[in-house]
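Heads up: the structure comes next, in structure tokens.
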Amino acid sequence: MLAMARDVRAEEFDLKVLLAHVDKVGTKKETLMEINATTRASTRITEPANTPKAVPSEAPGNSDLSAVTEGVKVTLSAEGAAKASSESEKNADIDASNLPDGVKKILKVIRDIQEKIQKKMEELDAIKNDHSLSEKDREGKVQGILAELGILTSQLTTTTNDLHRTENEMKLSSSMKKLSNSLSAPRD
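Residue numbers for the sequence shown follow the working numbering, so the first one is 1 and each next one is one higher.
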């Protein structure tokens, strides 16, 4: 059978896909794949016509299931590929560190929130200095952005607390905690 395919065109989209599979040992693994595009992008998604289901493991005495996984193929446009490349480059120092993967993942989330806060601050400054708006409109927009900043700040606090809790649960050394702290510090 031929696989079904569809074209997706969007001016702006956020796509988060949770990929789950069972490895050879029978441990369930999950990966969150995030695709963002803010430019007009053409993406082709190919779906397998029939995906095989989990089959019993052949190991004696092992009742776990191992999955035969055939995934979805996603082809990114040139713009999407460039953006994905720049996303991995901005976190290269985190990826290069010897920190556990769980800590690296939290550090990347912290950086993402910090980046969003920075963009909102720039937007707030632009609105405050936009004299083409009436005082009432300007105040309304400022209040909206301040509310968004409050939410982002709360998310940053929660995520930072999660980082410290994870570091303690993993019993990281003081040098690894210092490295984690320096990687989580806001960048200019």
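Beta carbons are placed, not taken as given, at the ideal position from N, Cα and C, and that holds for glycine.
Residues of its chain near residue i, where Cβ-Cβ distance is below 8 Å and the 5 sequence neighbours each way are ignored
{"i": "leucine 163", "result": "Val103, Ile106, Leu107, Ile110, Ser180 and Ser184"}
{"i": "lysine 90", "result": "Arg111"}
{"i": "lysine 141", "result": "Ile127 and Leu133"}
{"i": "methionine 170", "result": "Pro100, Gly102 and Val103"}
{"i": "arginine 138", "result": "Ile127, Lys128 and Asp130"}
{"i": "threonine 159", "result": "Ile106, Val109, Ile110 and Ile113"}
{"i": "threonine 153", "result": "Ile117"}
Burial state of residue i, where buried means 16 or more other Cβ atoms lie within 10 Å
{"i": "glutamate 167", "result": "buried"}
{"i": "isoleucine 151", "result": "exposed"}
{"i": "glycine 80", "result": "buried"}
{"i": "leucine 156", "result": "buried"}
{"i": "arginine 187", "result": "exposed"}
Nearest-angstrom beta carbon gap, residue j and residue i [assumed within contact, 8 Å]
{"i": "leucine 149", "j": "isoleucine 113", "result": "About 11 Å; that fails the 8 Å criterion."}
Cβ-based neighbour list, residue i, same chain, cut-off 7 Å, excluding 5 preceding and 5 following
{"i": "glutamate 123", "result": "Ile145"}
**Prompt:** Which residue spans inside the segment 85 to 118 form an unbroken alpha helix (DSSP H) run of at least 4?
**Reply:** 92 to 96, all fully within the segment 85 to 118.
**Request:** Would you list, in sequence order, the uninterrupted beta strand (DSSP E) runs of no fewer than 3 residues that lie entirely inside the segment 113 to 157?
**Result:** List check, beta strand (DSSP E) in window: nothing returned.
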